Amino acid sequence: MFTIWHTNDFHNHLTEAQAERLRHLRESVEGAGLLVDAGDAVASGNITFRSGGELIHDLMNGAKYDVGAVGNREFHFSRIGFKSKLSRAHHVKICANVRAIKAPLPNWAESDEKEIFGNENAELPTTPFWIHESPSGWKVAFVGLTVPMITERMLSRKVSAYLFTDPIKTAQEVVPMLQERYQPDTIVALTHIGLSRDRVLAERVPGIHLIIGGHSHDCLEHGERVGNTLIVQTGCYGKFVGRVQIEREGVGLRMEAGLEAL
């Protein structure tokens, strides 16, 4: 069995006591589980940022988070702002649908990570995906997807250091690559695009076993199934922590989701 504890949309509402509880939950699955976040943990708005970074990341570091999605609150259109917002976080931050404005669109099928995120994209404070291999024998591929903040069609692109592509289209290219190149036991989309788009993602991108989402502040007590994909989300402001337990069942997977008061 592999267990994923998950949170989303703290918006800076995380206490020391809650962080300590999350640490205990993370340690309870050491070697056979992870603690992840689906974005908007920080206090900053979309335009502002704190030059010293976000203090909530100190609490998240103490809780031993493994990986987190980039929410719209974690993003900033400037290089210094984007880096600053994530600077205090020790866990991996992932987003596959953002790139430096001068970087070409990645060819996910043919390029390796160094080629895709070299040169201009070397300045990104994120990575598109993260592969975790646990001592218990699970290989899990996490791909990050964020609501597009700056796109080619927006006038704001003229002042932005970064551009976003459509998260659904990006996933349609990235997920098959992850399947072929890494052959993971489980593919998890760690998203900050909202429940309605998560449902579309599940419908249009086969191969995603689990979507851990945020942005829309939906509280899904036992998750929601769309086809073969389980979608989970914990609401907002640190009221709940989610738990997904994954087991092998024949050639497939069995997943059960639940929420616990935090």
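Residues in the sequence shown are numbered from 1173 upward in steps of one, following my numbering. Glycine is no exception: its CB is placed at the ideal position from the N, C-alpha and C atoms. Being a predicted model, the structure only gives us computed values, none of them experimental.
Using only the heavy atoms of the ligand PLP, determine whether one of them is closer than 6 Å to the beta carbon of residue i.
| i | result |
| --- | --- |
| G1407 | As for the ligand PLP, it is missing from this structure, which has no ligand bound. |
Which one or two residues does DSSP pair with residue i in a beta bridge?
| i | result |
| --- | --- |
| G1436 | Residue coverage of the chain in this structure runs from 1173 to 1434, which leaves residue 1436 outside it and unanswerable. |
| M1427 | I1418 |
| W1177 | L1207 and R1415 |
| C1480 | Limits of the chain in this structure are 1173 at one end and 1434 at the other, which puts residue 1480 out of reach. |
| R1260 | DSSP lists no partner for R1260. |
From this set, the options, which residue's C-alpha is nearest residue i's C-alpha?
| i | options | result |
| --- | --- | --- |
| R1325 | V1360, L1186, H1262 and D1338 | D1338 |
| H1263 | I1383, L1231, V1346 and Q1344 | L1231 |
| D1238 | H1185, E1202 and K1330 | E1202 |
| G1407 | R1420, G1366, E1421 and I1418 | G1366 |
| V1377 | E1192, I1403 and P1348 | P1348 |
| E1188 | R1251, N1279, Q1344 and H1229 | H1229 |
| S1283 | E1345, G1224 and L1296 | E1345 |
| F1336 | G1243, A1235, L1382 and N1233 | G1243 |
| G1224 | G1385, H1389 and I1252 | I1252 |
| E1305 | V1404, A1204 and E1432 | A1204 |
| V1319 | G1240, L1296, V1270 and A1235 | V1270 |
| P1300 | N1400, A1241 and L1258 | A1241 |
| A1333 | M1173, L1197 and S1250 | S1250 |
| I1384 | C1391, V1360 and N1400 | V1360 |
| I1340 | S1368, V1331 and R1329 | S1368 |
| G1234 | E1295, A1261, A1213 and H1389 | A1261 |
| E1192 | A1213, L1227 and K1236 | K1236 |
| E1295 | V1331, Q1405 and S1256 | S1256 |
Give me the Cβ distance between residue i and residue j, rounded to the nearest whole Å; I'm assuming they're in contact under 8 Å.
| i | j | result |
| --- | --- | --- |
| L1194 | V1416 | With 8 Å as the limit, L1194 and V1416 do not qualify as a contact, their Cβ atoms being about 15 Å apart. |
| H1183 | A1215 | 7 Å |
| T1363 | L1317 | 4 Å |
| I1380 | F1314 | Not quite, the Cβ-Cβ distance comes to about 11 Å (not below 8 Å), so this is no contact. |
| A1281 | T1342 | Between T1342 and A1281 the Cβ distance is about 13 Å, and since that is not below 8 Å, they are no contact. |
| Q1190 | G1399 | Actually they are not in contact, since the Cβ atoms of Q1190 and G1399 sit about 34 Å apart, beyond 8 Å. |
| M1173 | E1419 | 5 Å |
| E1246 | L1258 | 6 Å |
What are the uninterrupted segments assigned as alpha helix (DSSP H) that are 4 or more residues long and contained completely in the region 1298-1385, given in chain order?
For the region 1298-1385, whole alpha helix (DSSP H) runs of length 4 or above, ordered along the chain, are 1339-1354 and 1367-1376.
Spell out a yes or no on whether the region 1203-1219 and the region 1173-1190 are touching, meaning 3 or more CB-CB pairs, one atom from each, closer than 8 Å.
yes
Evaluate the contact criterion for the region 1271-1280 versus the region 1305-1312: three or more CB pairs, one atom per stretch, below 8 Å.
no
Whole runs of the alpha helix (DSSP H) within the region 1185-1234, excluding any shorter than 4 residues
1188-1200
Any contact between the region 1348-1355 and the region 1395-1415? By contact I mean 3 or more CB pairs, one from each, below 8 Å.
no
When you compare the region 1422-1434 with the region 1388-1398, are there three or more beta-carbon pairs, one atom per stretch, that lie closer than 8 Å?
yes
Does the count of Cβ pairs from the region 1363-1374 and the region 1217-1235 closer than 8 Å reach three?
no
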